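Residue numbers for the sequence shown follow my numbering, beginning at 165 and rising by one.
Quick reminder that beta carbons are idealized off the backbone N, C-alpha and C, glycines included.
Since the model is a prediction, treat every value here as computed from it, not as a measurement.
Before any comments, here is the structure.
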Amino acid sequence: MPTPRHFISILDFDTDEIAAVLTTARRLKQEGKSHKDSPLVGKTLAMIFQKPSLRTRVSFETGMTQLGGHAIYLSPNDISLGKRETTEDIAIVISRYVDIIMARVFGHDIVADLAKHATVPVINGLSDFEHPCQILADFQTIIERKGRLEGLNACYLGDGNNVAHSLMFGAARMGMNMTIITPKGYEPKDGVTKQAKDIASTNGCEITISNELQSAKDQDVLYTDVWASMGQETEAEERKRIFKDYRIDADTMKLAEDDAIILHCLPAHYGDEIDYATSRLPNSAIFDQAENRLHAQKALMFHLAG
Ligand code: CP
Ligand code: NVA
């Protein structure tokens, strides 16, 4: 049996593959809800969740329906990964039933372990380390608003988390300059920064890590995410104090380019990492970004299972 392609990290795809998925995503968006050439007809997606979700669950499930396939939602209570049975056995058994597995997990090692033992493609629907599906939708949105990725200046304000990691890797692959602005001690993991910088240097762009809010100056894209991710709820109050200035608001907008676009992967905590008024400006693309999860993931499933 050939080894399946997985999408555990945005780095699993090279520059051309990411570009191809984004081109397909644009076409599928134009086509709407039904597609003549879907390779997913009659196929099944298993969606394993260890954490809550609105966008990831609904966009994958709807996407599969629109592609002529079927999706099965497995809640944290249905599959206790590694508790009721091993991740290895789960991967082997599910692979005997379905054609693609998508998993949202706590530890990145869990989704990597699923991929190691599955005989069908495994998609990372968010781990503590990366959120690669989000970045496909983000890039589709940036291209819609700005016409390109290459050569743009994008910055992310907040926690150096899973979303920041995938943004850095993705930007490095696509030639987009990316500045990550965090409070001291909350920078992205050193290994990620090093790897992203190395890739960026071969693609004519730069990855920059900063603790200075002024680094939002002249940026074309402003991005933020929650200060406390899923699983960090006990740190939420402490983080509110530490992160209070690392947000998108009227002051950040003054620093950035006048036509800078605003992105947020959602869910948003209004008043914390972004204020409500800023999120509703014409520059804000946050709901296009949420919609594009549907189109980008349909394109991803085309690519993996087509
Ligand atoms: N952005 C995102 O992944 O949203 P959900 O947590 O609702 O899936
Ligand atoms: N960093 C956030 C992203 C949510 C989509 C989290 O992991 O909770």
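* To do: Using the Cα positions of E314 and C369, report the straight-line distance between them to the nearest angstrom.
  => Using only the alpha carbons, I get a separation of about 8 Å.
* With burial defined as no fewer than 16 other Cβ atoms inside 10 Å of the residue's Cβ, what is the status of S365: buried or exposed? -> Counting of Cβ neighbours within 10 angstroms places S365 among the exposed residues, the total staying below 16.
* To do: Taking R411 as the reference, give the member of K215, L321, G246, K310 with the closest Cα.
  => Among K215, L321, G246, K310, the Cα nearest to that of R411 is on L321.
* Determine the DSSP secondary structure at T346, reduced to helix, strand or coil. => Taken through DSSP and simplified to helix, strand or coil, T346 comes out as coil.
* Output the distance between the C-alpha atoms of E127 and Q461, rounded to the nearest integer angstrom. => Within the shown structure, residues of the chain are numbered from 165 to 470, placing residue 127 beyond reach of any answer.
* Asked: Taking the DSSP output, what are the residues bridged to M211?
  -> M211 is bridged to Y237, M266.
* **Check: Q298 C-beta below 7 Å from any heavy atom of ligand 1** => Yes, the Cβ of Q298 comes within 7 Å of a heavy atom of ligand 1.
* Asked: Hey, would you say the C-beta of H428 is under 7 Å away from at least one heavy atom of ligand 2?
  -> Within 7 Å of the C-beta of H428 there is not a single heavy atom belonging to ligand 2.
* Asked: Using a Cβ-Cβ cut-off of 7 Å (strictly less than) and excluding sequence neighbours within five positions of I172, which residues of its own chain qualify?
  -> Same-chain partners within the cutoff: V275, A276, A279, V286, N288.
* Asked: Expressed to the nearest angstrom, what Euclidean distance is found between the alpha-carbon atoms of D384 and E181?
  -> Cα-Cα distance, rounded: 24 Å.
* Asked: How many angstroms separate the CA atom of P347 from the CA atom of H234?
  -> In a straight line, the C-alpha of P347 is about 43 Å away from that of H234.
* Asked: Taking DSSP as the reference, what is the three-state secondary structure of F451?
  -> In this structure, F451 counts as helix in the three-state DSSP scheme.
* Look up E249 in the DSSP assignment and say whether it is helix, strand or coil. => Looking at E249 - three-state DSSP - the assignment turns out to be strand.
* Classify N326 as helix, strand or coil using the three-state DSSP reduction. => In the three-state scheme derived from DSSP, where H, G and I count as helix and E and B as strand, N326 is classed as helix.
* To do: Under 7 Å Cβ to Cβ from V284, same chain only, skipping five residues before and after it: list those, please.
  => Non-local C-beta neighbours of V284 in its own chain, meaning closer than 7 Å and more than five positions away in sequence, comprise P168, S259, V262, D263, I264, I265, ordered along the chain.
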